[in-house]
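Accompanying notes for the structure given below.
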């Protein structure tokens, strides 16, 4: 093991307040490919931290460095220090020549790089995003996390990698800030156990509404819903006035997040969002608005509310494939809901939109959960 450890010239990002300075340094460590070789069984949290640290380093490289592409991101160019800090190999240093020759070999380049992206777009983050996705794939293929990844974690990472490997920019990631934003959070085992014990009322109600079962409970829920809507309508004028705080030129995502943080109820949020879309002339972005709102809830571990937003969005936009797929993704990620109920909802959505079965996102979801 020690034979593979040696001194490496690395790129070190040193933080100064809000900014980072890129300097050259030398550390004692080993390439990620050898670290994985000698650590096949790794604590899940440790593996997760390595992936996050690698993402942080390449993100800083693009954010604070010169406008350039790293170009050779792979397990050969990621250096793991003894304290398990992660750094990028300095490709231009004299001492890196031997390692760079390995990186430039046809086998490594064929798997970890996509020259087509460079030919189409030139110097850009997408080149390194592709390599980052491939490196994550390799890390997961060479590791046996302890405890094993949950189905939700497997799906989240598979989806992240899929979006890293897309080169078109419309569906895939084009900046590392997007990758950072969607990198899944690792929840503690205790938190997962607590969530399993919590009732999934919103999702249960959603299933009942869709399939018309438990009529009495549904009517009760609808009565409560009407009461909330009436209360929300009474404050409509106040809502409209406060929308002046949301500039119509702001990104829709930012507007949605402001509404989410300001309004305490789903009814208030949906109402404020509808008013904003109508008054700003951005009604065509309704689908994106619902997706942003659902994402806000999901990132704040409010999965039931995220599912409820998707369900409401589907009522407004029943032909939206994205909303249907997002709803299914959230539904199958919930650990406390019976598989039979998930299967029922899935069957109903596929009956309405059978074409989503051809979407890559659906195929990944199906492989992860086996429905």
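Numbering (my numbering), first residue to last: 3 to 373.
Glycine included, every Cβ here is placed at the ideal spot set by N, Cα and C.
Across the set 302, 349, 256, 39, the C-alpha of 39 shows the shortest separation from the C-alpha of residue 145. The beta carbons of residue 132 and residue 167 sit closer together than 8 Å. The way I'd put it, the segment 88-95 doesn't touch the segment 143-163; fewer than three beta-carbon pairs between them come closer than 8 Å.
Within its own chain, the residues whose Cβ lies closer than 6 Å to the Cβ of residue 97, once the five positions on either side in sequence are excluded, are 11, listed in chain order. Going by DSSP, residue 185 is part of no beta strand (DSSP E) at all; its letter is neither H nor E. Unbroken beta strand (DSSP E) stretches of 3 residues or longer found wholly inside the segment 6-34: 8-18, 21-33, given in chain order.
Put simply, the backbone Cα of residue 77 is about 16 Å away from that of residue 163. Looking only at 43, 62, 165, 372, the smallest Cα-Cα distance to residue 25 is reached by 62. The criterion of a C-beta distance shorter than 8 Å is not satisfied by residue 53 and residue 180.
When secondary structure is reduced to three states using DSSP, residue 85 falls in the coil class, being assigned neither helix nor strand. Contact check for residue 160 against residue 366 passes: the beta carbons are separated by less than 8 Å.
Straight-line measurement puts the Cα of residue 45 at about 23 Å from the Cα of residue 371.
Closest in C-alpha terms to residue 324, from the list 359, 17, 343, comes 359.
Partner residues in the beta bridge of residue 45, as assigned by DSSP, are 148. Of the other Cβ atoms in all chains shown, fewer than 16 fall within 10 Å of the Cβ of residue 143; this residue is therefore exposed. Residue 16 is classed as exposed because its beta carbon has fewer than 16 other beta carbons within 10 Å across all chains shown.
According to DSSP, residue pairing for residue 80 in a beta bridge involves 90. Between residue 147 and residue 282, the alpha-carbon positions lie close to 48 Å from each other.
Cβ atoms of residue 278 and residue 309 stay farther apart than 8 Å, at about 23 Å.
A distance below 8 Å separates the beta carbons of residue 363 and residue 327.
With fewer than 16 other CB atoms across the displayed protein chains lying within 10 angstroms of its CB, residue 19 is exposed. Contact between residue 105 and residue 74 holds: CB atoms are separated by about 5 Å, below the 8 Å threshold. Counting only unbroken stretches of 4 or more residues, the alpha helix (DSSP H) elements lying wholly within the segment 320-371 are 323-335, 341-354, 362-371, in sequence order. Ranked by how close their Cα comes to the Cα of residue 86, the residues 344, 264, 55 have 55 in first place.
In this model, residue 129 and residue 135 are separated by some 10 Å (Cα to Cα). Per DSSP, the continuous alpha helix (DSSP H) segment holding residue 308 begins and ends at 305-318. Between the C-alpha atoms of residue 99 and residue 178 there is a straight-line separation of about 27 Å. Looking at 107, 301, 295, 312, the one whose alpha-carbon comes closest to that of residue 260 is 295.
If you compare the alpha carbons of 43, 9, 48 with that of residue 27, the shortest gap goes to 9. Residue 347 has its alpha-carbon roughly 11 Å from the corresponding atom of residue 313.
Secondary structure of residue 36 (DSSP, three-state): helix.
C-alpha of residue 258 to C-alpha of residue 110: approximately 42 Å in a straight line. Short of 6 Å from the beta carbon of residue 352, and not among the five residues preceding or following it, lies no beta carbon of its own chain. For residue 63, the secondary structure class from DSSP, reduced to helix, strand or coil, is helix. Taking the Cα positions, residue 256 is about 13 Å away from residue 292.
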